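Enquirer: Let me give you the structure first, and then I'll get to my questions.
Number of protein chains: 2
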Amino acid sequence: MDPSKVDIPLLKDLTIDNITENVHLINSGCPDPRLKYILERLVTHAHDFARETRLSTDEWMTGIKFLTEVGQICSDVRQEFILLSDIIGLSLLVDSIDHPKPRASTEGTVLGPFHTHDAESEANGSTISHDPDGEPCLVLCSVKDTAGKPLDAVKVDVWETDSKGFYDVQYATREGPDGRAVLQSDADGVFWFKAIVPVPYPIPHDGPVGKLLRVLKRHPYRPSHMHFMFDKPGYDHLITALYLRNDPYETSDAVFGVKESLLVDLGRVDADQARRYGVSEGAKLLTYDFVLVSDEEAKRLRESEAMKAMEALGRRMKLYNGLPVPDVD
Amino acid sequence: MDPSKVDIPLLKDLTIDNITENVHLINSGCPDPRLKYILERLVTHAHDFARETRLSTDEWMTGIKFLTEVGQICSDVRQEFILLSDIIGLSLLVDSIDHPKPRASTEGTVLGPFHTHDAESEANGSTISHDPDGEPCLVLCSVKDTAGKPLDAVKVDVWETDSKGFYDVQYATREGPDGRAVLQSDADGVFWFKAIVPVPYPIPHDGPVGKLLRVLKRHPYRPSHMHFMFDKPGYDHLITALYLRNDPYETSDAVFGVKESLLVDLGRVDADQARRYGVSEGAKLLTYDFVLVSDEEAKRLRESEAMKAMEALGRRMKLYNGLPVPDVD
Numbered sequence: 147m148d149p150s151k152v153d154i155p156l157l158k159d160l161t162i163d164n165i166t167e168n169v170h171l172i173n174s175g176c177p178d179p180r181l182k183y184i185l186e187r188l189v190t191h192a193h194d195f196a197r198e199t200r201l202s203t204d205e206w207m208t209g210i211k212f213l214t215e216v217g218q219i220c221s222d223v224r225q226e227f228i229l230l231s232d233i234i235g236l237s238l239l240v241d242s243i244d245h246p247k248p249r250a251s252t253e254g255t256v257l258g259p260f261h262t263h264d265a266e267s268e269a270n271g272s273t274i275s276h277d278p279d280g281e282p283c284l285v286l287c288s289v290k291d292t293a294g295k296p297l298d299a300v301k302v303d304v305w306e307t308d309s310k311g312f313y314d315v316q317y318a319t320r321e322g323p324d325g326r327a328v329l330q331s332d333a334d335g336v337f338w339f340k341a342i343v344p345v346p347y348p349i350p351h352d353g354p355v356g357k358l359l360r361v362l363k364r365h366p367y368r369p370s371h372m373h374f375m376f377d378k379p380g381y382d383h384l385i386t387a388l389y390l391r392n393d394p395y396e397t398s399d400a401v402f403g404v405k406e407s408l409l410v411d412l413g414r415v416d417a418d419q420a421r422r423y424g425v426s427e428g429a430k431l432l433t434y435d436f437v438l439v440s441d442e443e444a445k446r447l448r449e450s451e452a453m454k455a456m457e458a459l460g461r462r463m464k465l466y467n468g469l470p471v472p473d474v475d
Numbered sequence: 147m148d149p150s151k152v153d154i155p156l157l158k159d160l161t162i163d164n165i166t167e168n169v170h171l172i173n174s175g176c177p178d179p180r181l182k183y184i185l186e187r188l189v190t191h192a193h194d195f196a197r198e199t200r201l202s203t204d205e206w207m208t209g210i211k212f213l214t215e216v217g218q219i220c221s222d223v224r225q226e227f228i229l230l231s232d233i234i235g236l237s238l239l240v241d242s243i244d245h246p247k248p249r250a251s252t253e254g255t256v257l258g259p260f261h262t263h264d265a266e267s268e269a270n271g272s273t274i275s276h277d278p279d280g281e282p283c284l285v286l287c288s289v290k291d292t293a294g295k296p297l298d299a300v301k302v303d304v305w306e307t308d309s310k311g312f313y314d315v316q317y318a319t320r321e322g323p324d325g326r327a328v329l330q331s332d333a334d335g336v337f338w339f340k341a342i343v344p345v346p347y348p349i350p351h352d353g354p355v356g357k358l359l360r361v362l363k364r365h366p367y368r369p370s371h372m373h374f375m376f377d378k379p380g381y382d383h384l385i386t387a388l389y390l391r392n393d394p395y396e397t398s399d400a401v402f403g404v405k406e407s408l409l410v411d412l413g414r415v416d417a418d419q420a421r422r423y424g425v426s427e428g429a430k431l432l433t434y435d436f437v438l439v440s441d442e443e444a445k446r447l448r449e450s451e452a453m454k455a456m457e458a459l460g461r462r463m464k465l466y467n468g469l470p471v472p473d474v475d
């Protein structure tokens, strides 16, 4: 690189008090206004964090080592940074910001680190969990729009643990997906599959995030739940989960995911359903009516809430690809 | 874990507006007041960052992937998280906070990711760089206290790149340390060694941090410098570096390390010095008088500046092992 091409402000003698504005200055050459704004806020918060805590070099090095360990335990089937984001409530917050829900629609919740992209596409009625120790549970749900119209051909990704509380990917011996599938809603907006009753389980706590939870005296448990993810062109992507009411961890989820509207009571399969879906009468039954928001409505809501929030912060902003950036002209 | 032992606040239905206080609540069981305060600030800043940017799920995932890559490129000899901290000015800030300097003392600067713990202990006068292409440079320095008293037996860690701008650890073929040594000041507080004239070099930019610099349109160069680290019981640990004046990157250091007081002009070895130190007359000469601060003075200054900063922030704090924590009683 030709040093004569260095076209940036003069930076020297940076101190506790002037470093932040100077880092902004050198980053201000970023041509993408959104990335520039994100970096500006990130640097400000990182610096304010250090200034407000008077962070010591030892503490900083502890942080560097912790983040390095978090990165190094990640693999194709383990995402410890998502786990870290989950246990500090950041994941739930980002989902809430990005997927605002009008009153009548299904609320979202944390994705968690266990969704995979290799689940088999299955027909309605298929068995997604092959754990012989799991308690059978028929899942019989519908998916509609906010006007109550059934939505067909919605891609429904579902995943849950086995009866021991482990996802398939947590087994070193995993040969392929289990406890997960990709289904499609039928012409009536209905989808159904044979699963097992979810159980509470600890998030992976043998790594750095588990160590952090221990020093914070927090438990790593999540209440019993089943994950659902919905995709249909024209509708806002919905990541959610259903939680069993009265689970011992219902009000202390390690990743803050439980919402009242997502709590369910399991029912029992009646004679008619048993015949119709080929399961035993009296078996556990999970039913829920999901409601998707149109892309358009979600966008309108996301943008109006973003601008409202920016106004409340006293920032003069405009939207750029639907996301706020400073309004400088 | 026995769920009946779950002794934490009820958490459910968390939203953009109430998640932060609830994460604080669940973290408040942490028995270490300092860690509790650090976490409280960290969570607040992470959440405010997401709220102020209206961070999208895609952007969050980009961040998760970026941090994972940063962790995964780290190795025994590469520390990409330190590099990341360096290029956002956090490293310089933390050093400034942790090692406040009274007027008469030597300023600190960034450690950088290339210090190692395997440098050989060498006698004064030894040759620390064996690069035949480097321009020889005699380094002849002293180390004193703030009253001007020479300090003997100070452990002095020095490190620099070779003539191509690479540290020994950047070579896959590295067999042992080169361009680095651990020296000791003599009875007169003097230490000297044979090095090479430092050259400007890019920080490692083949990884995620380099990619970030590129999208920000920042160059990865550091001006020519030599690192010094001082240790002596009773004196505040000093991490610093000397920079060659008029380097093309003097005012645009990628990691914000340059300070006016650390700029040096290289001299020339005179006949007397040539004889005395066994180098050629006319060779390049780097001299500097370092001044260490006593532990006691550094502690006093660090604590008073911490309390002053807390007061300016309007926080009611007390010191705990010399670092601020909320004063709750």
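Chains E and G, in that order, are what the protein sequence lines are. So the first sequence is numbered by the working numbering: it starts at 147 and just counts up by one. So the second sequence is numbered by the working numbering: it starts at 147 and just counts up by one. Glycine residues also receive a C-beta, built at the ideal position from the N, C-alpha and C atoms. Note that the coordinates shown come from a computational prediction; the quantities given were computed from them, not determined experimentally.
Check whether the segment 261-277 of chain E touches the segment 456-463 of chain E, counting contact only when three or more Cβ pairs, one atom from each stretch, lie closer than 8 Å.
Expert: Segments in contact, no.
Enquirer: What are the boundary residues of the alpha helix (DSSP H) that includes G/GLN330?
Expert: Not the alpha helix (DSSP H): G/GLN330 falls in the beta strand (DSSP E), residues 326-330.
Enquirer: Measuring alpha carbon to alpha carbon, tell me which residue in E/ASP399, E/LEU408, E/GLY356, E/PRO394 is nearest E/GLU226.
Expert: For the residues E/ASP399, E/LEU408, E/GLY356, E/PRO394, the minimum Cα distance to E/GLU226 belongs to E/GLY356.
Enquirer: Restricting to runs no shorter than 4 residues, where is the alpha helix (DSSP H) found entirely within the segment 311-362 of chain G?
Expert: Whole alpha helix (DSSP H) segments, 4+ residues: 354-361.
Enquirer: Quick one: residues in its chain with C-beta nearer than 8 Å to the C-beta of G/SER407, no 5 flanking neighbours on either side, listed in chain order?
Expert: THR252, GLU253, listed in sequence order.
Enquirer: Decide if E/SER450 is buried, meaning its Cβ has at least 16 other Cβ atoms within 10 Å, or exposed.
Expert: E/SER450 is exposed by the Cβ-count criterion.
Enquirer: Identify the continuous beta strand (DSSP E) that holds G/LYS301 and give its terminal residues.
Expert: G/LYS301 -> beta strand (DSSP E) spans 301-305.
Enquirer: Please compile the residues from chain E whose C-beta is within a distance smaller than 8 Å of the C-beta of G/PRO379.
Expert: Here the premise fails: no neighbours, minimum Cβ distance about 17 Å.
Enquirer: To which residues of the same chain is E/LEU447 closer than 7 Å at the C-beta, ignoring the five residues directly before and after it?
Expert: Taken in chain order, the residues that qualify are PRO246, PRO248.
Enquirer: Quick check on E/MET456 - is its C-beta less than 9 Å from some C-beta in chain G?
Expert: Taking Cβ atoms only, chain G reaches closer than 9 Å to E/MET456, which makes this a yes.
Enquirer: According to DSSP, is E/MET147 part of a helix, a strand, or is it coil?
Expert: Any reading at E/MET147 needs caution, since the residue's pLDDT is 43, under 50, leaving its predicted position unreliable; the model's value is listed next. In the structure shown, E/MET147 sits in coil (DSSP, three-state: anything other than H, G, I, E or B).
Enquirer: Please name the residues in the segment 206-221 of chain E whose beta-carbon is closer than 7 Å to at least one beta-carbon of chain G, in chain order.
Expert: For the segment 206-221 of chain E, which is checked against every Cβ of chain G, the residues closer than 7 Å are TRP206, ILE210, LEU213, THR214, VAL216, GLY217, GLN218, CYS220.
Enquirer: For the beta strand (DSSP E) that contains E/ASP435, what are its first and last residues?
Expert: It spans 430-438 - the beta strand (DSSP E) in which E/ASP435 sits, taken as one unbroken run.
Enquirer: Measuring alpha carbon to alpha carbon, tell me which residue in E/MET372, E/VAL474, E/GLU266 is nearest E/ILE342.
Expert: For the residues E/MET372, E/VAL474, E/GLU266, the minimum Cα distance to E/ILE342 belongs to E/MET372.
Enquirer: DSSP on G/ALA250, reduced to helix/strand/coil?
Expert: Here G/ALA250 sits in coil by DSSP.
Enquirer: Would you tell me roughly how many angstroms separate the C-alpha atoms of G/PRO348 and G/ASP308, rounded to the nearest one?
Expert: For G/PRO348 and G/ASP308, the distance between alpha carbons rounds to 13 Å.
Enquirer: Just to confirm the assignment, what range does the alpha helix (DSSP H) spanning E/ASP441 have?
Expert: Its alpha helix (DSSP H) spans residues 441-458.
Enquirer: Which residues in chain A have a C-beta closer than 8 Å to the C-beta of E/ASN173? List them in chain order.
Expert: Although the question refers to chain A, the structure presented lacks it and instead comprises the protein chains E and G.
Enquirer: Alpha carbon to alpha carbon, how far is E/ASP416 from E/ALA429?
Expert: Cα-Cα distance, rounded: 8 Å.
Enquirer: Just checking: is the beta-carbon of E/ASP399 within a distance shorter than 9 Å of some beta-carbon in chain G?
Expert: So, interface residue.
Enquirer: Is the Cβ-Cβ distance between E/ASP241 and E/LEU229 less than 9 Å?
Expert: No. Outside cutoff.
Enquirer: At least one CB of chain G closer than 9 Å to the CB of E/ARG462: is that the case?
Expert: Chain G contact via Cβ: absent.
Enquirer: What does a CB cutoff of less than 7 Å around E/VAL315 pick up in its chain, not counting 5 residues either side in sequence?
Expert: Cβ within range, chain order: VAL223, PHE260, THR262.
Enquirer: Please state whether the Cβ-Cβ distance between G/ILE243 and E/ALA196 is less than 9 Å.
Expert: Contact: yes.
Enquirer: Between the alpha carbons of E/THR199 and E/ASP435, how many angstroms are there, rounded?
Expert: About 47 Å.
Enquirer: Expressed to the nearest angstrom, what Euclidean distance is found between the alpha-carbon atoms of G/GLU442 and E/ASP159?
Expert: If I take the Cα positions, the gap works out to 25 Å.
Enquirer: Name the two residues that bound the continuous alpha helix (DSSP H) containing G/VAL216.
Expert: It spans 203-218 - the alpha helix (DSSP H) in which G/VAL216 sits, taken as one unbroken run.
Enquirer: Listed in chain order, which residues of the segment 242-256 of chain E have Cβ atoms closer than 7 Å to some Cβ of chain G?
Expert: Result list: SER242, ILE243, ASP244.
Enquirer: Determine the DSSP secondary structure at G/VAL152, reduced to helix, strand or coil.
Expert: Reliability of the predicted coordinates at G/VAL152 is poor, the pLDDT of 48 falling under 50, and no value is obtained from them.
Enquirer: Strictly under 9 Å for the Cβ-Cβ distance: is E/ARG368 near chain G by that measure?
Expert: Not an interface residue.
Enquirer: Is G/GLY403 closer than 9 Å to G/THR255 when the C-beta atoms are compared?
Expert: Result yes, Cβ atoms of G/THR255 and G/GLY403 sit closer than 9 Å.
Enquirer: What does DSSP give as the partner residues of G/GLY413 in its beta bridges?
Expert: Bridge partners of G/GLY413: G/LEU431.
Enquirer: Which ranges does the beta strand (DSSP E) cover as unbroken runs of at least 3 residues, wholly within the segment 378-425 of chain E, from first to last along the chain?
Expert: Those beta strand (DSSP E) runs which fall completely within the segment 378-425 of chain E and span 3+ residues are 384-390.
Enquirer: For E/MET147, count neighbouring C-beta atoms within 10 Å of its own C-beta (all shown protein chains included) and say buried if the count is 16 or more, exposed if not.
Expert: With a pLDDT of only 43 at E/MET147, under 50, the local geometry of the prediction cannot be trusted, and the value read off the model is given with reservation. So E/MET147 counts as exposed.
Enquirer: Can the beta-carbon of E/ASN270 be found closer than 9 Å to that of E/ASP332?
Expert: Closer than 9 Å, so yes.
Enquirer: Does the separation of the CB atoms of E/PHE376 and E/VAL302 fall below 9 Å?
Expert: Yes, the pair counts as a contact, with Cβ atoms nearer than the cut-off.
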